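Here my numbering is used: position 84 in the sequence shown is 166, and no number is missing along the way.
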Amino acid sequence: MDQVQEGRRRVAWAADNMPVLAGIRRRWLDERPLAGLRVAACLHVTTETATLALTLRDGGAGVALAASNPLSTQDDVVAALREEGIATFARRGVDTRGYYEDIEAALATGPHFTLDDGADLVNMLHTRRNDLLPGVRAGTEETTTGVIRLRAMAAAGELVYPIVAVNDARTKHMFDNRYGTGQSTIDGILRATNRLLAGSVLVVAGYGWCGRGVAMRGAGMGARVIVTEVDPIRALEAAMDGFEVLPMAEAAARGDFFVTATGNRHVIDREHFGNMKDGAVLANAGHFNVEINLEALAGLAESRGEVREGVEEYRLPGRRLLVLAGGRLVNLAAAEGHPAQVMDLSFANQALVLEWLAREQPRLEAVVHPVPAAIDARVARLKLASMGLAVDRLTPDQEEYLRSWEQGTG
Ligand code: ADE
83 MDQVQEGRRR
93 VAWAADNMPV
103 LAGIRRRWLD
113 ERPLAGLRVA
123 ACLHVTTETA
133 TLALTLRDGG
143 AGVALAASNP
153 LSTQDDVVAA
163 LREEGIATFA
173 RRGVDTRGYY
183 EDIEAALATG
193 PHFTLDDGAD
203 LVNMLHTRRN
213 DLLPGVRAGT
223 EETTTGVIRL
233 RAMAAAGELV
243 YPIVAVNDAR
253 TKHMFDNRYG
263 TGQSTIDGIL
273 RATNRLLAGS
283 VLVVAGYGWC
293 GRGVAMRGAG
303 MGARVIVTEV
313 DPIRALEAAM
323 DGFEVLPMAE
333 AAARGDFFVT
343 ATGNRHVIDR
353 EHFGNMKDGA
363 VLANAGHFNV
373 EINLEALAGL
383 AESRGEVREG
393 VEEYRLPGRR
403 LLVLAGGRLV
413 NLAAAEGHPA
423 QVMDLSFANQ
433 ALVLEWLARE
443 QPRLEAVVHP
453 VPAAIDARVA
463 RLKLASMGLA
473 VDRLTPDQEE
483 YLRSWEQGTG
């Protein structure tokens, strides 16, 4: 089977598992709410992203797509998308220069709206390609790291157009970040190493939504989980969820597997490597490849080499440390990213927010905006319906009770 056919077949599989997005796509084929609009997206080029891109196209948009990570691109998906008329600029394994060239090529299509995952596209628009800014009306951001960068830009007075923080919708981060990252990170580690988690010690750095998911799923496969944190409240939550909580300096000597999910740099650093067990596996689930200090590790190593696809062995005096996927997002580089059922929630938010922005953008200031609560609730309702589940409704009497204050202890 050639790449286009294989890509098409895998995209169809994902689309079949994204019922909320499929409903939006059916409606959009009639209503065409994005007619005449150009969208440039910088997202992981996966089968789920392809389903979103095709939905936007069917809504009337001209779509250009670049990758949001040099190692997450699925080349068969690129081939299939190009056949479908989506201008796709991505190649798996590009170097940093090629990565930014692809983003620039997507931007050169002159978008009215941007979809970003990590804010690299927005950053380029505000710096090297700020000549294109006058044509841009609004955008969305998919991930925690991107939202943090955008808030920093807005605080510095640098953000030039309104951007909706899709990540902050509850139907996004409570599901994608937790259950998506939880499952796909474990999937990436297992595909890369084929090691047994049961009975091992898994150190999870960071107990945000992603870290919670990784810890939960690791424990579910029989790992003994240690959590490291800087936030005392999150650390307390991890402890009461049943995990051991330690500083990394102590956890370093205990772990068989390490997963970073903090969004910060050098969470595993020079002083930790020398205490680790021989054969310890180091993986990153955060957006950027900065969480494990690979430069320091390379400096400590006498030699290094690939011992399995995507597994680099660093040989230090007395121990070998195994880094997965070059410290890039292990779930996307060593596996296929989050399953379609959870991306259905994230990308239904993206689609409905874009439809909302196409109408509301003239009234929005150039700051970071939340996803409208009505969209968040609608995505949850649609997903529940697709799962054959329903919720109760308050009776008029209950609504009145909630509005009242006179009644107390009966
Ligand atoms: N981020 C995490 N998993 C993803 C996926 N499957 N597609 C697009 N972006 C993702």
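Built from N, CA and C at the ideal position, the CB exists for glycine as well. Note that this is a predicted model, so its numbers are computed, not measured.
Residue nearest to residue i in terms of C-alpha spacing, selected from the options
i       : options                            : result
Ala-407 : Leu-103, Pro-152, Val-127          : Pro-152
Pro-452 : Gly-281, Val-248, Glu-437, Gly-288 : Val-248
Pro-421 : Leu-364, Leu-215, Arg-485, Asn-99  : Asn-99
Ala-220 : Leu-414, Glu-447, Ile-315          : Glu-447
Gly-141 : Leu-111, Arg-120, Ala-440, Arg-460 : Leu-111
Leu-197 : Gly-368, Phe-370, Ala-143          : Ala-143
Gly-419 : Gln-443, Asp-269, Arg-475, Ala-320 : Asp-269
Ser-266 : Ala-378, Met-298, Leu-147          : Met-298
Asp-157 : Ile-315, His-208, Gln-87, Leu-379  : Gln-87
Leu-214 : Ala-237, Ala-201, Tyr-243, Ala-236 : Tyr-243
Pro-314 : Val-307, Glu-482, Pro-329, Ala-305 : Pro-329
Ile-374 : Arg-347, Trp-438, Phe-339          : Arg-347
Ala-201 : Gly-470, Gln-480, Val-461, His-369 : His-369
Asp-199 : Leu-189, Arg-173, Thr-227, Tyr-181 : Thr-227
Ala-415 : Asn-371, Arg-316, Gln-85           : Asn-371
Ala-94  : Ser-282, Ala-162, Ala-122, His-194 : Ala-162
Residue range of the unbroken alpha helix (DSSP H) whose run includes residue i
i       : result
Phe-257 : Looking at the DSSP string, Phe-257 is not in any alpha helix (DSSP H), and its letter there is neither H nor E.
Phe-429 : 422–442
Tyr-182 : 178–189
Glu-240 : It is not in any alpha helix (DSSP H) - Glu-240 carries neither H nor E in the DSSP assignment.
Pro-452 : Looking at the DSSP string, Pro-452 is not in any alpha helix (DSSP H); the run it does join, the beta strand (DSSP E), is 450–452.
Ser-468 : 455–468
Ile-315 : 314–322
Val-93  : 85–98
Ala-161 : 157–165
Phe-135 : In the sequence as presented, Phe is not what sits at residue 135; that position holds Ala. 129–140 is the extent of the alpha helix (DSSP H) around Ala-135.
Ala-117 : Where Ala-117 is concerned, there is no enclosing alpha helix (DSSP H), given that its DSSP letter is neither H nor E.
Ala-416 : Counting along the chain, Ala-416 falls outside any alpha helix (DSSP H), and DSSP gives it neither H nor E.
Proximal residues to residue i (C-beta, below 8 Å), its chain only, five neighbours per side dropped
i       : result
Glu-186 : Met-206, Arg-210, Arg-211
Arg-139 : Val-145, Glu-166, Gly-167, Ile-168
Gln-432 : Leu-134, Leu-197, Thr-222, Glu-224, Val-248
Backbone secondary structure at residue i - three-state DSSP
i       : result
Ile-350 : strand
Ile-308 : strand
Phe-195 : strand
Arg-108 : helix
Glu-224 : coil
Gly-490 : coil
Val-296 : helix
Val-285 : strand
Asn-366 : strand
Arg-397 : strand
Glu-388 : strand
Leu-471 : coil
Leu-328 : coil
Ala-334 : coil
Arg-211 : coil
Leu-404 : strand
Beta-carbon proximity list for residue i, same chain, < 6 Å, skipping 5 on both sides
i       : result
Ser-385 : Arg-397
Arg-260 : Trp-291, Arg-294, Gly-295
Ile-245 : Gly-221, Glu-223, Leu-232, Val-450
Arg-92  : Thr-129
Val-349 : Ala-287, Thr-342, Glu-373
Ala-365 : Ile-271, Val-341, Leu-406, Val-412
Met-235 : Leu-241
Arg-174 : Thr-155, Asp-157
Ala-132 : Val-93, Val-159, Leu-163
N-terminal and C-terminal residue of the beta strand (DSSP E) that residue i is part of
i       : result
Thr-342 : 339–342
Val-145 : 144–148
Arg-50  : Any answer about residue 50 is impossible in this case: the structure gives the chain only from 83 up to 492.
Ala-169 : 169–171
Close Cβ partners of residue i (< 7 Å) along its chain, the five nearest in sequence each way excluded
i       : result
Met-538 : Coverage of the chain is limited to positions 83 through 492, which leaves residue 538 absent and any answer about it impossible.
Val-393 : Ala-274, Thr-275, Leu-404, Leu-406
Ala-367 : Thr-263, Thr-267, Cys-292, Val-296, Val-341, Thr-342, Ala-343, Leu-411, Val-412, Asn-413
Asp-351 : Asn-375, Ala-378
Gln-85  : Asp-157, Asp-158, Ala-161
Lys-254 : Val-248, Leu-427, Ser-428, Asn-431
Ala-333 : Val-285, Ile-308, Thr-310
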